[in-house]
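Asks:
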Amino acid sequence: MTTEDADDGQTSSHAGFAAFRHGPYMRYWLARALAVFAAQIQIVAVGWQVYDITRNPLDLGLIGLSQFLPALLLVLVTGAVADRFSRRGIMAVCLTAEGIFASGLLAFTIWGGGHIWMVFALLASFGVARAFFGPATQALLPNIVPPKLLSNAIALNSSAWQLATIVGPVAGGLLYGISPLAAYGSAVGLLLIAAVLTLTIPKPDQHSEAEPPGWETLVAGFRYIWREKVVFGAISLDLFAVLLGGATALLPVYARDILEVGPAGLGFLRAGPGIGAIAVAIWLATHSIRDHAGLWMFLFVAVFGGMTVVFGASTIVWLSVLALVLMGAADMVSVYIRETLIQLWTPDRLRGRVNAVNMVFIGASNELGEFRAGVVAAWLGAKVTVVAGGAGTMAVAAIWAKLFPALRKARHLDGRA
C-alpha cells in the first residue's frame with residue numbers, strides 16, 4: 002500500500018475530503034471521472050445515432066447488451082489479470098483502447114454509411130476494454146489510500162460517478178446537437194487525457210502471488226466470495242435488492258400515462274435518483290459512518306424499497322420526484338457501505354477477481370432488473386410492478402439481515418474490526 006502520504010495523526014476518514022490530500026488518489030479520481038464522463042457522452046451519442054439509422058427500438062437494447070456481455074463472458078479472466086499484473090498499467094491500457102474504439106465511432110460517423118454492425122462491433126470491443134478496466138480500477142483503489150481513508154475515497158468516487166451520470170448525458174446531447182463529430186471527438190479526448198493521468202500515478206505496492214495458472218486460480222474469487230459471508234452477503238444483497246427494486250426502466254410509463262408530465266417531466270424523474278445520490282455522496286465524504294455499518298446498510302436498503310413503494314403508488318408529481326430523490330439517497334448510503342466492506346474484507350491478492358464478480362453481479366442486476374420490470378409490467382401494469390418490487394426489496398433486506406449475521410454486525414469502515 003502506498004505510504005507517501007502516510008497518516009500524521011491528524012488526518013482521519015472524517016476530515017472532509019481527506020483522500021484528495023493524497024496526490025496519487027487525486028490523479029486516480031480525475032482519470033476515473035473523465036472516463037465515466039466520456040462514456041456517458043458516448044452512450045447518448047450512440048443511442049441517437051443508432052436509432053436515427055435503424056428506427057428499431059430493439060437496437061437500443063443491443064447497445065447495452067453488447068457492452069455488458071464481454072464482462073460476463075470474461076469474468077474469470079479479467080479479475081485474474083488484475084491480480085497478476087499491474088492494475089495501474091491495465092487501467093492505462095484500457096483507457097487508451099477505449100479512446101481508440103471511440104475514434105472508430107468517429108470514423109464510422111464520417112465514412113461508415115449504414116453498416117450498423119460496425120457500431121455494435123466497436124461497442125463490443127469497448128465492452129472488452131471496460132471488462133478489464135473495471136476490476137483493475139476497483140482493486141487499485143485500496144493500493145493508493147490508507148485503510149482509514151478508504152471509505153472517504155469511495156464516497157468521493159461515488160460523487161464523481163453520480164455527477165458524471167447527471168451532467169454527462171446532457172453534455173452528450175448538446176454536443177451531438179452541434180455535431181456527432183463534436184460528441185465523439187470529446188469522448189476520445191477525455192479518454193486519452195484519462196490514460197495519461199493514470200500513467201502519472203506513482204507505482205503502488207500490490208500484493209501479487211505467483212499462483213500457477215489454472216482453473217483453481219481462475220475461480221479463486223468465486224470460492225472466496227462463497228466462503229466469506231460478509232462479502233457474499235454484500236454482493237448478493239445488491240443483486241436481489243436492485244433486481245426487485247429498480248423502477249427506472251418504467252419511468253417513461255409514469256411520465257406519459259400516470260403522472261402525465263411529458264418528456265420534460267421524464268427528464269426530472271430520471272434526474273431525481275442522481276440528485277439524491279450525489280447529495281448524500283458529498284455528505285458521506287465529510288461525515289463517514291463511524292459504527293454499526295452493517296445495520297445502517299440494511300436499514301437504508303429497506304428505505305430504498307419503501308421509497309420505491311411510495312413512488313410506485315404516487316399519482317402526485319412532487320411526491321413522485323421526492324420519492325425518487327430519497328431512493329437515490331438511500332441507495333447511495335447502502336452502496337457506499339457495501340463497496341467499502343467488500344474492499345476491506347477482501348485480501349489484496351484476490352481483489353481483482355472478487356471485484357470482477359461483483360461488477361458482473363451489479364451489471365446483471367441492472368439489466369435483469371429492467372427486463373423483470375418490463376415483463377411484469379406488461380402482465381400486471383406498471384404501478385403493481387413497482388410497488389411489489391419495492392416491497393420485495395424490503396423483504397430482501399429483512400431476510401438478508403437474518404441470513405448474514407456477520408454482515409449485520411459489521412461495525413467500522415476504516416479498517417478496524
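Our numbering puts the first residue of the sequence shown at 2, with every later residue one more than the last. Glycine included, every Cβ here is placed at the ideal spot set by N, Cα and C. Just so you know, these numbers come straight off a predicted model, no measurement behind them.
Among L176, V171, V336, whose alpha-carbon lies nearest the alpha-carbon of I236?
Replies: In the sequence shown, the residue the question calls residue 236 occupies position 235. Residue V336 is the option with its Cα nearest to I236.
Asks: With DSSP run on the structure shown, which of helix, strand or coil describes A1?
Replies: The structure shown does not extend to residue 1, since the chain is modelled only from 2 through 418, so no value can be given for it.
Asks: Within its chain, find whatever has a CB closer than 6 Å to the CB of K384; leave out the 5 residues flanking it on each side and keep chain order.
Replies: As a first step, residue 384 must be located in the sequence shown, where it is residue number 383. Closer than 6 Å at Cβ, skipping near neighbours: G313.
Asks: Given T166, which residues of its chain have a CB within under 7 Å of its CB, disregarding the five upstream and five downstream residues?
Replies: Within the sequence shown, residue 166 is the residue found at index 165, counting from 1. Taken in chain order, the residues that qualify are Q41, G275.
Asks: Return the CA-CA distance between V355 and G222, expressed in angstroms with no decimal places.
Replies: Locating residue 355 in the sequence shown gives position 354, where the first residue counts as 1. Locating residue 222 in the sequence shown gives position 221, where the first residue counts as 1. Cα to Cα, V355 sits roughly 5 Å from G222.
Asks: Suppose contacts are defined by Cβ-Cβ distances below 8 Å. Is G390 in contact with A374 by that definition?
Replies: Residue numbering aside, residue 390 sits at position 389 when the sequence shown is read from its first letter. Residue numbering aside, residue 374 sits at position 373 when the sequence shown is read from its first letter. Taking 8 Å as the Cβ cut-off, G390 and A374 qualify as a contacting pair.
Asks: Whole-angstrom Cβ separation of R409 and L296, contact assumed at under 8 Å?
Replies: Translated into the one-based positions of the sequence shown, residue 409 becomes position 408. Translated into the one-based positions of the sequence shown, residue 296 becomes position 295. Indeed they touch by this definition, with Cβ atoms about 6 Å apart.
Asks: Hey, out of A407, T199, G273, whose CA is closest to V232's CA?
Replies: Here residue 232 refers to the residue found at position 231 when the sequence shown is read from its first residue. Measuring from the Cα of V232, the nearest candidate turns out to be A407.
Asks: What does the Cβ neighbour count give for K149, buried or exposed, with the cut at 16 atoms within 10 Å?
Replies: Locating residue 149 in the sequence shown gives position 148, where the first residue counts as 1. With 16 or more other Cβ atoms within 10 Å, it is buried.
Asks: Between the alpha carbons of G173 and M395, how many angstroms are there, rounded?
Replies: The residue given as residue 173 occupies position 172 in the sequence shown. The residue given as residue 395 occupies position 394 in the sequence shown. In a straight line, the C-alpha of G173 is about 36 Å away from that of M395.
Asks: Here's the rule I'm using: 16 or more other beta-carbon atoms within 10 Å means buried, otherwise exposed. How should D332 be labelled?
Replies: As a first step, residue 332 is located in the sequence shown; it is residue number 331 there, counting from the start. By the 10 Å Cβ count, D332 comes out buried.
Asks: Quick check: the segment 183–197 against the segment 314–322, are there 3 or more CB pairs under 8 Å?
Replies: no
Asks: On the CB-based measure, 16 or more other CB atoms within 10 Å of its CB, does A418 come out buried or exposed?
Replies: As a working note, residue 418 is residue 417 in the sequence shown. For A418, the predicted model reports a pLDDT of 49, less than 50, meaning its position is unreliable and no value from the coordinates is stated.
Asks: Is it the case that the Cβ atoms of S160 and I44 are separated by a distance below 8 Å?
Replies: Within the sequence shown, numbered from 1, the residue matching residue 160 stands at position 159. Within the sequence shown, numbered from 1, the residue matching residue 44 stands at position 43. No, the Cβ-Cβ distance between S160 and I44 is not below 8 Å.
Asks: Identify the continuous alpha helix (DSSP H) that holds R56 and give its terminal residues.
Replies: For this step, residue 56 is matched to residue 55 along the sequence shown. Where R56 is concerned, there is no enclosing alpha helix (DSSP H), given that its DSSP letter is neither H nor E.
Asks: Per DSSP, what kind of secondary structure is R228 in: helix, strand or coil?
Replies: For the purposes of this step, residue 228 is taken as residue 227 along the sequence shown, with counting starting at 1. Helix.
Asks: Can you look up R89 in the DSSP assignment and give me helix, strand or coil?
Replies: Translated into the one-based positions of the sequence shown, residue 89 becomes position 88. Helix at R89.
Asks: Whole angstroms is fine: what's the gap from F18's alpha carbon to L327's?
Replies: Within the sequence shown, numbered from 1, the residue matching residue 18 stands at position 17. Within the sequence shown, numbered from 1, the residue matching residue 327 stands at position 326. Looking at the two C-alpha atoms, the distance is approximately 24 Å.
Asks: Using 8 Å as the threshold, is the C-beta distance between K466 and R85 below it?
Replies: Residue numbering for the chain in the displayed model covers 2 to 418; residue 466 lies beyond these limits and cannot be assessed.
Asks: Please name the residue, chosen from P25, A103, A137, that lies closest to A72 on a Cα-to-Cα basis.
Replies: The count along the sequence shown starts at 1 and reaches residue 72 at position 71. For the residues P25, A103, A137, the minimum Cα distance to A72 belongs to A137.
Asks: Compute the beta-carbon to beta-carbon distance between G24 and Q68, rounded to the nearest angstrom, for a pair I have assumed lies under 8 Å.
Replies: What you label residue 24 is simply residue 23 of the sequence shown in a count that begins at 1. What you label residue 68 is simply residue 67 of the sequence shown in a count that begins at 1. Not a contact, Cβ separation roughly 32 Å.
Asks: Between T110, R339, A286, which has its C-alpha nearest H1's C-alpha?
Replies: Given that the chain is displayed from residue 2 to residue 418, the structure contains no residue 1 and the question cannot be resolved.
Asks: CB W346 to CB E261, shorter than 8 Å?
Replies: Numbered from 1 along the sequence shown, position 345 holds the residue referred to as residue 346. Numbered from 1 along the sequence shown, position 260 holds the residue referred to as residue 261. Cβ distance not < 8 Å, so W346 and E261 don't count as in contact.
Asks: Assuming A156 is part of the alpha helix (DSSP H), what are its boundary residues?
Replies: Position 155 of the sequence shown holds residue 156. 151–179 is the span of the alpha helix (DSSP H), which, as asked, contains A156.
Asks: Kindly give me the distance between the Cβ atoms of A286 and A156, rounded to whole angstroms, as I take these residues to be in contact under 8 Å.
Replies: The residue given as residue 286 occupies position 285 in the sequence shown. The residue given as residue 156 occupies position 155 in the sequence shown. Yes, A286 and A156 are in contact; Cβ-Cβ is about 4 Å, under 8 Å.
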